[in-house]
Structures are given as structure tokens and as C-alpha cells.
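Asker:
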Amino acid sequence: MIESENKPMHADFFVEIGHWQVAKYGETSEGDVFISRKTEDGRIIAVLSDGLGSGIKAGVLAALTATIATGCSAARIPIKRTARIIMRSLPVCSERKISYATFTLVDIDTSNRIKVVEYDNPAYMLVRQGVEVEPLRSMVSVTKGGGRIAGHPKPATLRSSRFKAEFGDRVIFFSDGVTQAGMGSRNLPLGWGLEGVRRFVSQMIAENAEISARDLARRIVTWALLLDGDQAKDDITCAVVYFRAARRLAVFTGPPLHPAHDNELARLFVSSPGRTIIAGGTTATIIGRELGRKITMDLKHRDPELPPVASMEGADLVTEGILTLSKTADYLEQGAAPEELRQNAATAALRLMLDSDIIEFFVGTKINEAHQDPNMPVELDIRRNVVKRLAHLLEGKYLKQTTIRYI
Numbered sequence: 001m002i003e004s005e006n007k008p009m010h011a012d013f014f015v016e017i018g019h020w021q022v023a024k025y026g027e028t029s030e031g032d033v034f035i036s037r038k039t040e041d042g043r044i045i046a047v048l049s050d051g052l053g054s055g056i057k058a059g060v061l062a063a064l065t066a067t068i069a070t071g072c073s074a075a076r077i078p079i080k081r082t083a084r085i086i087m088r089s090l091p092v093c094s095e096r097k098i099s100y101a102t103f104t105l106v107d108i109d110t111s112n113r114i115k116v117v118e119y120d121n122p123a124y125m126l127v128r129q130g131v132e133v134e135p136l137r138s139m140v141s142v143t144k145g146g147g148r149i150a151g152h153p154k155p156a157t158l159r160s161s162r163f164k165a166e167f168g169d170r171v172i173f174f175s176d177g178v179t180q181a182g183m184g185s186r187n188l189p190l191g192w193g194l195e196g197v198r199r200f201v202s203q204m205i206a207e208n209a210e211i212s213a214r215d216l217a218r219r220i221v222t223w224a225l226l227l228d229g230d231q232a233k234d235d236i237t238c239a240v241v242y243f244r245a246a247r248r249l250a251v252f253t254g255p256p257l258h259p260a261h262d263n264e265l266a267r268l269f270v271s272s273p274g275r276t277i278i279a280g281g282t283t284a285t286i287i288g289r290e291l292g293r294k295i296t297m298d299l300k301h302r303d304p305e306l307p308p309v310a311s312m313e314g315a316d317l318v319t320e321g322i323l324t325l326s327k328t329a330d331y332l333e334q335g336a337a338p339e340e341l342r343q344n345a346a347t348a349a350l351r352l353m354l355d356s357d358i359i360e361f362f363v364g365t366k367i368n369e370a371h372q373d374p375n376m377p378v379e380l381d382i383r384r385n386v387v388k389r390l391a392h393l394l395e396g397k398y399l400k401q402t403t404i405r406y407i
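For the sequence shown, full-length UniProt numbering begins at 1 and goes up steadily by one.
#1: Please identify the residue among Ala246, Glu290, Gly254 and His261 whose C-alpha is closest to the C-alpha of Gly274.
#2: Taking its Cβ as the centre, do 16 or more other Cβ atoms sit within 10 Å of Arg113, making it buried, or is it exposed?
#3: Could you say which of Asp41, Val47, Val386 and Glu40 lies nearest to Cys238 if we only look at CA atoms?
#4: Under the criterion of a Cβ to heavy atom distance below 7 Å, does Val309 qualify as lining the ligand ATP?
#5: Do the segment 226 to 237 and the segment 334 to 347 make contact, defined as three or more Cβ pairs closer than 8 Å?
#6: Who are the Cβ neighbours of Ser141 in its own chain at under 7 Å, not counting the five residues just before and after it?
#7: Anyone know if the C-beta pair for residue 426 and Val318 falls short of 8 Å?
#8: Going along the chain, which unbroken runs of the beta strand (DSSP E) with 3 or more residues stay wholly within the segment 153 to 204?
#9: Quick one, are the C-beta atoms of Ala62 and Asp32 less than 8 Å apart?
#10: Suppose you measure from the CA of Lys397 to the CA of Arg389; what does that come to, to the nearest Å?
#11: Can you list, in chain order, the residues of its chain with a C-beta nearer than 6 Å to that of Tyr242? Leave out the 5 residues immediately preceding and following it.
#12: DSSP beta-bridge partners for Trp20?
#13: Please classify Asp235: is it buried, with 16 or more other beta-carbons within 10 angstroms of its beta-carbon, or exposed?
#14: Report the option in Ala346, Asp50 and Ile286 whose CA atom is closest to the CA atom of Asp303.
#15: Tell me which residues share the same chain as Gly182 and place their Cβ nearer than 7 Å to its Cβ, disregarding the 5 neighbours each side in the sequence.
#16: Give the single residue among Tyr124, Asp316 and Ile322 whose Cα lies nearest to the Cα of Pro307.
#17: Quick one: what does DSSP say Arg342 is sitting in, helix, strand or coil?
#18: On the premise that Lys38 lies in contact with Leu399, defined as a C-beta separation below 8 Å, what is that separation, rounded to the nearest angstrom?
#19: Could you say if the segment 254 to 263 and the segment 205 to 225 meet the contact criterion of at least three C-beta pairs nearer than 8 Å?
#20: Quick check on this structure: which residue in Glu320, Leu350 and Asn344 has the alpha carbon closest to the alpha carbon of Gln334?
#21: Can you look up Thr110 in the DSSP assignment and give me helix, strand or coil?
#22: How close, in whole Å, do the beta carbons of Gly168 and Arg128 come, if the pair is a contact with beta carbons under 8 Å?
#23: Comparing C-alpha positions only, which one of Arg43, His19, Asp41 and Tyr100 sits nearest to Asp50?
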């Protein structure tokens, strides 16, 4: 018997959102903030805000801006009113007479209709079938009633655009730390610039037409950092929205409650589309036995905290169960990037989960007595709690679709 929990899978068309950022050299925190969320009515909202300057103060102002913009958009508050709320909430630089934070807001409804609002950030890119398309932008002047907003020498001007996303579209937006990268250098005295970023994006997509949103954002930021001589002169942030076919991942962990269902577990493994993770020695043994496949240990990336990974025909990753999944959940909660972590079983699982969109967990309900030690952390107490934590993080923090099926 298989029980299901959580939301059913949606159509095989997914909106992937990924971002990457580095702080200005010498600062301990970023002055740019990126927020993405899914609303109760199924819309997806993403905001990138750049606080004036860098460091903690800039980060606080950017966070306030991004939070207000996200909340107002979720509540369907008109953009003019949203802008007024933001501008009244933030101070204005006394010398430069500009707001202390800029923003780009992307609002995607359930029919993949997109609204983009920009305030003083570099213009976003819309890439369709590998070629940049120039969206039709309208200018929106924001004033306080019939006059100016206090402290602002002139009305603020927003850029607004709307379009229907097509399969394969990418929306790419970034802070000026990207376009100004390399400024003052011999080769780029005026910085990388929008044209330079456009050429780079075209090259990346030409080399890999299915490059993920996260990987494309990472490559853009990494190249901008390189242009700055590996010492960022400003906060550098890039976000990418990618409309594509969903990438599926199946995670098998724990033996079935009844041994008679072992063959069903193996059948589910073989029939699962996309990539697969087997998390648990007993689980791997059962699947290997039922399918006549060998399990081979891989000691290439040994870690004192976690058991090593293994390999089996048909599986993208074979690991120990509870400890590895719990560590993966920790990484997800921290917002850690696998590229910046020590390579082990948990970072391998993290990479597969981040690069997938629809993740299905097959959870065996037989209790492993080794994890009932009262001295062990609470999150190791029951396997299903670890999986629920993973699903909650993947859906809430990373906008993935998850399903849990108990065996």
C-alpha cells in the first residue's frame, strides 16, 4: 500500500528561479538582496534590490525595499502606490538626491503572464530561443499625489513591461555591480556594460542551451568578479527566471514496512522518470537485490562527518540515509551553494535537489532501530520527519514541487 501526502504534481512546465551573489570586497554582508516567493493564488514573485553603498546598512535598506515590493505585489497593490510606500519608507541620499535602494520586480501569474517593474537597476534581459528580445517598456512617473515625494528633487520614474512567457524564455536581471564590473581597468574603462553582459549570456546559452537558472546566474556573477580582479568593487548579484520542461528527481529512503513490498520498491525505482537518489544502505541493498545490481563504494570524497557515497546502475546517487538527508536539509536551510561546500554525500544530494524541479520522496515506513537512541538529535528520530523537513524547505525556500509517498 502506498500513501500520498502533499500536493499533486502539476503540468510538466516549470518556472525555475536561481540567483547568485557576492559581497563587495572587504564587507561581511551583501548590500544587495534577492527575495522570491509563491503566493497563495499560485503567482511567483521575485525581487532584486540594490541598497546604496555596501555592507550592513545597504543590506538592511535593500531588504526593506525587497520585502515591501514583494508584499505589495502579492497583495496586488498598484505599482504606483507600491513605489510611494517604498520611497516614503526609505531615506534619500542628501548629496546624490537619489533613493537609498533600487529594485527590479518580476511577477508571474499561473498563465505565465509576466509583469516586470524596474527602478534604477540595469535593464533586464529577455532571451527567447537563444536571442535577446527587446520588451516594450512604458515609463511610469511616481509622485506624491499631484506633487513630489518629500526629499525627492523630481518624480521617480519606473519602467514597466508586460508579456506572455514562451517555453524556453529566460528573464535575466542584475544589480549594477554586474554592469560596472571592471570599471577603471585598461580593457574596460567604463565597465563591462549591458552590451558586454549580453554577449556573455549569448555565449553561455550557445554553449549549453539548457543551462539552469542557478548556473547561468553563477557564471555571470563569477565572470563579473573576475573582471574586478577577484575583489568585487561593489555587491554583485544576478537572478534568472527560466521557463522550461520540469526536471524530475525521485528520492528513495527506507525499507518498506512489509518485506512483501520490496519488489514494489524496486519497480518504482526502475519506472521513475528523471534522476534518482537512494538514501539508505538497507534501501540500496533491497533495490540491488531485487534488480540483480551491484553496489560499489566510492571513497573519492571522504568526509569524517558522513558515510561515503556508493554507486549502482540506474541511480544518480547512492548514500547513507538519515544522517545524509538531515545534513542536506541543514544546507538547504542555510541557503548554501554546493559549489562552495566540501564535497560529500550531502552536497551531492543538495546539487541534485537544487537542479531539479519536481521532487518525489518514496519513504519506507519500517523503523530503523539504530535511530531510536534518545541521545541522538531530534531530527534523526523518525525518517519521515527528516523528509517532511526537506519537502518544506524545498517548497517554501526554493519554490520546488514535492510529493511524499509512504511505502
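C-beta atoms are modelled at their ideal positions from N, C-alpha and C, and glycine is treated no differently.
Everything numeric in this text was worked out from a predicted model, so none of it was measured.
Answerer: Well, looking at it:
#1: Comparing Cα-Cα distances from Gly274 to each of Ala246, Glu290, Gly254 and His261, the minimum goes to Ala246.
#2: exposed
#3: Val47
#4: The ligand ATP is not part of this structure, which contains no ligands at all.
#5: no
#6: Pro155 and Thr157
#7: Since the first residue shown for the chain is 1 and the last is 407, residue 426 is missing from the structure and cannot be characterised.
#8: Listed in chain order, they are 156 to 164 and 170 to 174.
#9: Cβ distance < 8 Å, so Ala62 and Asp32 count as in contact.
#10: Distance between the alpha carbons of Lys397 and Arg389: 11 Å.
#11: By the criterion of a C-beta distance shorter than 6 Å, Tyr242 is surrounded in its chain by Glu16, Arg170 and Ala213, once the five residues flanking it on both sides are discounted.
#12: Answer is Cys238.
#13: Buried, by the Cβ-count rule.
#14: Ala346
#15: Leu188, Gly191, Trp192, Leu227 and Asp228
#16: It is Ile322.
#17: coil
#18: Leu399 to Lys38, Cβ: 5 Å. Contact.
#19: no
#20: Nearest option by C-alpha distance: Leu350.
#21: coil
#22: 7 Å
#23: Tyr100
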